[in-house]
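Residue numbers for the sequence shown follow our numbering, beginning at -11 and rising by one.
These notes concern the structure reproduced below.
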Amino acid sequence: VEDNKMNQKVIGTMLKSLGYSFDFADDGFAGYIQAKTRRYDVIFMDLIMPEMDGYESARKILEFDDTLLIVAFTADNMPESKKKAEMSGIREFIPKPVRIDDLKKFFTSHFIKN
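In structure tokens form, the structure reads like this:
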């Protein structure tokens, strides 16, 4: 869930090069709707977006699937923001700019690739 088209392109290129399939949502509300209608293993969530921010989107998504792993992609690494994200149910953080090594490390620690 990322509102910046350039960030979508960069992240998409990295995920594709690692062999993962993905969808994008342009804001928190769109991400919430997609999560209700599709099954995801993980959601990467920007926190600051128009329409519905990542905090509210995460809360709403976790209301209907409290097992889903939501990871914040954010340039805001202030302790208050992390605490607010954790209170919204976000369990992991990957700082922006996202690097491919960060994604590799994340997937290696959370998933077995088939």
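Idealized CB from N, CA, C, for every residue including glycine.
- Taking all protein chains shown into account, alanine 73 has 16 or more neighbouring C-beta atoms within 10 Å of its C-beta and is therefore buried.
- DSSP, read as helix, strand or coil, puts phenylalanine 99 in coil.
- Secondary structure note for methionine 66: it is in no beta strand (DSSP E), with a DSSP letter that is neither H nor E.
- In the DSSP annotation of this structure, the continuous segment of the beta strand (DSSP E) that includes leucine 57 starts and ends at 57 to 62.
- For asparagine 65, the closest C-alpha among the options Phe81, Ser9, Gly77 is that of Phe81.
- Here the C-alpha atom of methionine 40 lies approximately 32 Å from the C-alpha atom of isoleucine 100.
- For phenylalanine 81, the enclosing beta strand (DSSP E) has its first and last residue at 80 to 83.
- Look at valine 30 here: in three-state DSSP terms it is strand.
- The beta-carbon distance between leucine 56 and isoleucine 49, rounded to whole angstroms, is 6 Å. This is short enough to meet the 8 Å contact definition.
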